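S.K.:
Residue numbers (full-length UniProt numbering): 1 to 310.
#1: What residue range is occupied by the uninterrupted alpha helix (DSSP H) comprising residue 201?
#2: Could you tell me the distance, in whole angstroms, from the CA atom of residue 161 to the CA atom of residue 193?
#3: Taking the beta strand (DSSP E) that residue 94 falls in, what are its first and last residues?
#4: Relative to the alpha-carbon of residue 206, which residue among 224, 219 and 183 has its alpha-carbon at the smallest distance?
#5: Does the separation of the CB atoms of residue 303 and residue 273 fall below 7 Å?
#6: Take every Cβ of the region 169-183, pair it with every Cβ of the region 115-129, and state whether three or more of those distances are shorter than 8 Å.
#7: So for residue 252, helix, strand or coil by DSSP?
#8: Checking contacts by CB at 7 Å: is residue 282 closer than that to chain C?
#9: Since residue 62 and residue 32 should fall inside the 8 Å C-beta cutoff, what is the C-beta to C-beta distance between them, to a whole number of angstroms?
#10: Looking at residue 278 and residue 269, is the spacing between their C-beta atoms short of 7 Å?
#11: Would you mind giving the Cβ-Cβ distance between residue 126 and residue 139, rounded to the nearest angstrom? I have them listed as a contact below 8 Å.
#12: With a 10 Å radius around its C-beta and 16 neighbouring C-beta atoms as the bar for buried, classify residue 188 as buried or exposed.
#13: When burial is assigned at 16 or more other CB atoms within 10 Å of the CB, is residue 178 buried or exposed?
#14: Please classify residue 159 as buried or exposed, where buried requires at least 16 other C-beta atoms within 10 Å of its C-beta.
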């Protein structure tokens with residue numbers, strides 16, 4: 001049986017937690033950490049390998065170089081420049097400079113798998129990698145935002161998070177759209193439950209939950225410098241679906257067309273069993289559709305002004 005191998009470019013807070021989640025969830029057997037700071041990558045490799053001893057897993061985690069990606073099925077890109085920005089879009093210019101350094105090395109490495117792009121601003125960086133390489137590129141997009149949405153709904157309703165189905169679409173950023181009309185609890189639409197039993201299911205403060213979902217990442221980063229645990233788990237689940245044949249439906253950033261322009265934007269998609277996820281059709285309210293289109297339009301404008309011609 002072929003060993004499942006994942007390379008991670010950028011072994012900082014995010015990359016190291018992706019590695020931790022991959023190992024603990026038994027998603028792969030071989031992880032290579034690549035970083036401009038080789039000593040840090042080596043230290044993370046040793047520390048994570050020690051953790052594996054207590055996990056009951058048999059995952060090898062080590063520092064490496066680009067040539068170690070030749071036989072990897074997945075390459076995670078989590079490298080970035082300055083990340084302490086309130087608006088992820090402010091990180092774009094530096095992030096593109098980082099990608100310009102990574103792309104030629106990745107192409108020359110012999111890697112021939114799927115790229116999982118995490119670096120913010122996620123949708124635009126994933127699009128840039130799509131434009132500059134021939135690899136299938138999937139952005140983590142609103143996978144983490146959707147988890148934030150679910151956990152907040154669950155806490156307000158007093159139920160388990162895995163009893164809630166909910167997702168955010170559009171940009172992994174301020175213009176994302178929490179899709180309230182399709183939120184389900186125990187298989188039932190929340191709108192239906194709220195109409196039938198308003199005191200039990202209708203008291204949730206949707207505006208507050210939506211705002212908290214959108215601003216959560218900034219609030220965490222503002223207090224401790226970065227997000228890491230949540231995105232590590234979100235990326236690991238996406239990677240597991242890519243490597244396996246589970247055919248999971250996950251929110252992620254994938255190519256979309258907006259007025260004849262290819263952009264990257266998040267929506268629920270069927271992941272696994274093909275090179276790229278298959279986006280599901282969306283049934284939105286007029287308000288949600290308008291907000292989603294505004295998010296798409298913004299991504300298209302950023303492509304025009306920042307990516308095209310670069």
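Backbone N, C-alpha and C fix where the C-beta goes; we use that ideal spot for every residue, glycine too. Computed from a prediction, not measured in an experiment: that's the story for all the values here.
M.R.: For this structure:
#1: Start at 1 with the first residue of the chain shown, and residue 201 comes out as number 201. 198-201 is the extent of the alpha helix (DSSP H) around residue 201.
#2: Translated into the one-based positions of the chain shown, residue 161 becomes position 161. Translated into the one-based positions of the chain shown, residue 193 becomes position 193. Distance from the CA atom of residue 161 to the CA atom of residue 193, rounded to whole angstroms, is 17 Å.
#3: Locating residue 94 in the chain shown gives position 94, counting from the first residue. Where residue 94 is concerned, there is no enclosing beta strand (DSSP E), although the alpha helix (DSSP H) it sits in stretches over 92-108.
#4: Your numbering for residue 206 matches position 206 in the chain shown. Of 224, 219 and 183, the residue nearest in Cα terms is 183.
#5: To locate residue 303, count along the chain shown from 1; it is residue 303. To locate residue 273, count along the chain shown from 1; it is residue 273. Contact flag unset, no.
#6: yes
#7: Taking the first residue of the chain shown as position 1, residue 252 is located at position 252. For residue 252, the secondary structure class from DSSP, reduced to helix, strand or coil, is strand.
#8: The structure shown contains no chain C, having only a single protein chain.
#9: As a first step, residue 62 must be located in the chain shown, where it is residue number 62. As a first step, residue 32 must be located in the chain shown, where it is residue number 32. Sure, about 6 Å apart at Cβ, within 8 Å.
#10: Here residue 269 corresponds to residue number 269 of the chain shown, with the count starting at 1. Here residue 278 corresponds to residue number 278 of the chain shown, with the count starting at 1. For residue 269 and residue 278, yes; Cβs fall inside 7 Å.
#11: Here residue 126 corresponds to residue number 126 of the chain shown, with the count starting at 1. Here residue 139 corresponds to residue number 139 of the chain shown, with the count starting at 1. Contact flag correct, Cβ pair sits at about 3 Å.
#12: On the chain shown, position 188 is the one that residue 188 refers to. Classification for residue 188: exposed.
#13: What you label residue 178 is simply residue 178 of the chain shown in a count that begins at 1. By the 10 Å Cβ count, residue 178 comes out buried.
#14: Locating residue 159 in the chain shown gives position 159, where the first residue counts as 1. Residue 159 comes out exposed.
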